[in-house]
Structures are given as structure tokens and as C-alpha cells.
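For the sequence shown, my numbering gives the first residue as 145, with consecutive numbering after it.
What follows is a single structure, written as C-alpha cells, with notes after it.
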Amino acid sequence: MDVSVFQPPVTARKSYGKTGVLIVNLGTPDSPSVPDVRKYLREFLMDARVIDIPAVPRSVLVNGIIAPFRAPKSAKIYKQLWTETGSPLKYYGQVVERELQLALGDEYLVRLAMRYQSPSINAGLEEFQKLGLTDIIVVPFFPQYASASTGSVYEKVMDIVKNWQVIPSIRFINRFLEHPKFIEGFAQIGRKYMAAYDYDHFLFSYHGLPERQIRKGDVTKSVCQFGECCGSLQPLNQHCYRAQCFETTRLLVKALNIPEGKYTTCFQSRLGSDPWIKPYTDDIIKELPGKGIKSVLAFSPAFVADCLETTIEVGVEYKELFEQAGGQHWQLVESLNDSPIWIETLVDLVKTV
């Protein structure tokens, strides 16, 4: 009698329980009070992937200078941002958690986490552990990969599970800027404004990073030149945050049929005196009216939920800057927030990772 050992095909892998889906955004203070903002700033800025300098000078800088002096100012800005439902970033995260759970069904368990503050990554992973889930998908809410955002989420997750007796299968979403539904989501909102007004120019503003962090990510030590190297996304620069941002702009420009010469890619939110990736958004804005540009439609495609950097920085502060320079009409394109197409995007990401 011929007896053989059954070898199941790779595709026959069976799950004996739900798949845990941890959706992770950056974070937000628990309230706009000065103590809560200071607590948030300390946790955020003490991350070695955010301020990538040695621990001792980082601690002196954050705890001795930034947190004490920046917290009162930031608290005032957060009060402008706060709504009846609290922080928009957390509110939309909670809505997305519910909607994604409904869309994925009972085979999945979706939990929202923040890289900093609450709900924490640790709490979400501990819930999965207690339920015996050994298949986990982590979805950082950052369209473009950066060490300070997606990389920090990876590190935090791995730091937590490394001490578990049973380490689960964990799959990470690295980036999703190329996903057609992500692009179409922003394009849909943009078209709404473009149908109502004939804009002179289109601004695509992304969160900035220090140039040194971009250089660290260049494994070739020769590709990154902060210039033409970002003209296309290729194998050697595909992990470069700046190059990914320019690629995001190209995809959105194509989806919106924006002519060459009518749009600009730039970077906001720089901190400190070290050089950050350019061009700087505030510098670009000051120059636009002098070039005859009186109306601007502004996109923030590094953010999937409205937050301080979109609603206040781009929507309010940059609007004032544009008008002071002689501009007349400034409009922010809001983020994907809890839109149906964003839920569809997440469903695709979870089911194809």
C-alpha cells in the first residue's frame, strides 16, 4: 500500500479564529488642556525616530525646552481644533473603526490605536492576545512611508510582541499612496471645489521631515540629492518619503487633469533650525500672489483624517499668510476622514496584504 504524507499547499493555510486588524494613527492629546498637551508632546517628541538625536540631548531638548514652552501655545491651537466630539483625528478614527468592522464582517476584529496617547497600541495588541488571535494586520494611517511615522509604529508593535510567549503572525501595510481608491478619494473632494470655482493654482502640502532622516533612509548613500531624484518613484528611491510625496502629487494631478505649471508640491510643519526637505510651504505661499496667483486649492495628502496640521495649519494659518501676501481665495481640501471610499480603501488593504 502506498502511504504518503499529505503536504497542504501554501494557499491552504487555515485561520482558527478572527484576524485582528489594528488601525493606527499618530495620536492626539486627551484634551486641549496644557497638562494633556504637554504629556502628548513629551511622548511624541521623545520617540527616537521623531527626533533622531542621542537620548540625553533629546531629553534635555524635549523636557527642558520644547514641552514646557510649546505646550501653552499648542494648547490654544488645539482649543481651536476641538469640537463637541473632541479631537477630530480621534473622532474620525472611532467612526472608521466601526465602519471598517461592519465592512469586514465577523472574521475580523478591528481596533483603533494611536502611536502616542490613547487608545494605545499596547491596549489593542493585548486584547488580541487575550482572545488568542495569532493573525494580526497592522495598518498605519500614513499614505507615504517615513521612519518617524510608519517606521515608529512598526518598532512599537514589535517591541511589544517580542516578549509574548506566542508571537503572532503580523502583517504590516507599508504605504498605500498608489492605491487607486486612496487617490480617487482625494480627487472626489477636490473635484467638488473645482466645480464651484476656477482656481489659479493647486498646492499639495505634505508634512516635512529633516533632511538628515531622508539621507539615513538612502541605503545607496548616493541616490538622494533632494532634487531630480524625486522625479519618479523607482526601486532605489521607493522608500524615500520625499519621492513618495512627489509621486502622490503626480497621481492626483493625473486624476484631476491639472495642467503642468499649475501645481506645486511642498512641505510644512518644520521644527528647529536644521534643514528640512524643501520647498517649504510657507515660502511658496508668500511667492504665489506676486506671480499673479490669486486663488489656491490646497491639498494635504499625507493625512487621512483632519487634524491640527490640516484644519489649522493649512486651513487657517496658511490662508491668512496667503491673504497677507495679496491672495484672495484659499480653500483647503479636507481629508478622507470617514468617507465611504476611505473605508473601501482599507477593506482592500486588509484583504490583499
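Glycine included, C-beta positions come from ideal geometry on N, C-alpha and C.
Problem - R242 classed as buried or exposed, judged by whether at least 16 other C-beta atoms fall within 10 angstroms - result: Its Cβ having fewer than 16 others within 10 Å, R242 is exposed.
Exercise for the section: Just mark I437 as buried or exposed, buried being the case when its beta carbon has 16 or more other beta carbons within 10 Å. Expected result: By the Cβ-count criterion, I437 is buried, with 16 or more other Cβ atoms from all chains shown falling within 10 Å of its own Cβ.
Problem - Any 3 or more C-beta pairs closer than 8 Å across the segment 340 to 352 and the segment 404 to 419 - result: Segments in contact, yes.
Handout entry: F466 burial status per 10 Å Cβ neighbour count (16 or more: buried)
Key = That one is buried.
Exercise for the section: Could you please give the first and the last residue of the uninterrupted alpha helix (DSSP H) stretch that includes N401? Expected result: Per DSSP, N401 belongs to no alpha helix (DSSP H) and is neither H nor E.
Exercise for the section: Would you mind reading off the limits of the alpha helix (DSSP H) that contains R359? Expected result: Residues E355 to G361.
Problem - chain B within 8 Å of S296, Cβ atoms only - result: No chain B is part of this structure, which consists of one protein chain only.
Exercise for the section: Quickly, what does DSSP pair L476 with across the bridge? List them, please. Expected result: The partner list for L476 (beta bridge, DSSP) reads A442.
Exercise for the section: Please state if the CB of V165 and the CB of A257 are separated by a distance shorter than 8 Å. Expected result: It is not a contact, given that the beta carbons lie outside the stated cut-off.
Exercise for the section: May I have a chain-ordered list of the beta strand (DSSP E) segments no shorter than 3 residues that lie completely inside the segment 163 to 205? Expected result: With a minimum length of 3 residues, the continuous beta strand (DSSP E) runs that stay inside the segment 163 to 205 are 163 to 171.
Problem - Among I281, G161, Y289 and Q273, the one whose alpha carbon lies nearest that of D250 - result: Ranking I281, G161, Y289 and Q273 by Cα distance to D250 puts G161 first.
Exercise for the section: Enumerate, from N- to C-terminal direction, the unbroken beta strand (DSSP E) stretches of 3 or more residues contained entirely within the segment 387 to 437. Expected result: Counting only runs of 3 or more, we get 407 to 412.
Problem - Straight-line Cα distance separating L321 from V363 - result: Between V363 and L321, the C-alpha separation is close to 21 Å.
Exercise for the section: Take S417 as the anchor and find which of L205, P324 and V181 has the nearest alpha-carbon. Expected result: Per the C-alpha coordinates, the member of L205, P324 and V181 positioned closest to S417 is L205.
Practice task
Would you identify the three-state DSSP class for P232, choosing helix, strand or coil?
Solution key: P232 falls in the helix class under three-state DSSP.
Handout entry: Check whether G329 and L480 have beta carbons under 8 Å apart
Key = One thing to note: G329 has its Cβ within 8 Å of the Cβ of L480.
Handout entry: Simplified DSSP state of P284, which is helix, strand or coil
Key = Of the three classes helix, strand and coil, the one that applies to P284 here is strand, per DSSP.
Handout entry: Terminal residues of the alpha helix (DSSP H) in which V301 lies
Key = Unbroken alpha helix (DSSP H) run through V301: S296 to V305.
Handout entry: Three-state secondary structure assigned by DSSP to F447
Key = Coil at F447, not helix or strand.
Exercise for the section: Measure how close the beta-carbons of I358 and C384 come, nearest whole angstrom, since I'm counting them as under 8 Å. Expected result: Right, the Cβ-Cβ distance comes to about 6 Å (below 8 Å), so this counts as a contact.
Handout entry: Buried or exposed by the 16-neighbour rule on C-beta atoms within 10 Å, applied to L189
Key = A residue is called buried when at least 16 other Cβ atoms come within 10 angstroms of its Cβ; L189 meets this threshold and is buried.
Practice task
Quickly, what does DSSP pair H345 with across the bridge? List them, please.
Solution key: Per the DSSP secondary-structure output, H345 pairs in a beta bridge with V440.
Practice task
Label D450 either buried or exposed according to how many other C-beta atoms from any shown protein chain fall within 10 Å of its C-beta, with 16 as the threshold for buried.
Solution key: Buried is the call here.
Exercise for the section: Check Y462 in the structure and name its three-state DSSP category. Expected result: Judged by DSSP in its simplified three-state form, Y462 adopts helix.
Problem - From V239, E299, P287 and D279, residue whose alpha carbon lies closest to that of S194 - result: The residue you asked about is not Ser; residue 194 is Val in the sequence shown. Relative to V194, the option among V239, E299, P287 and D279 whose CA is nearest is E299.
Handout entry: Y114 classed as buried or exposed, judged by whether at least 16 other C-beta atoms fall within 10 angstroms
Key = Outside the shown range of the chain (145 to 497) lies residue 114, about which nothing can therefore be said.
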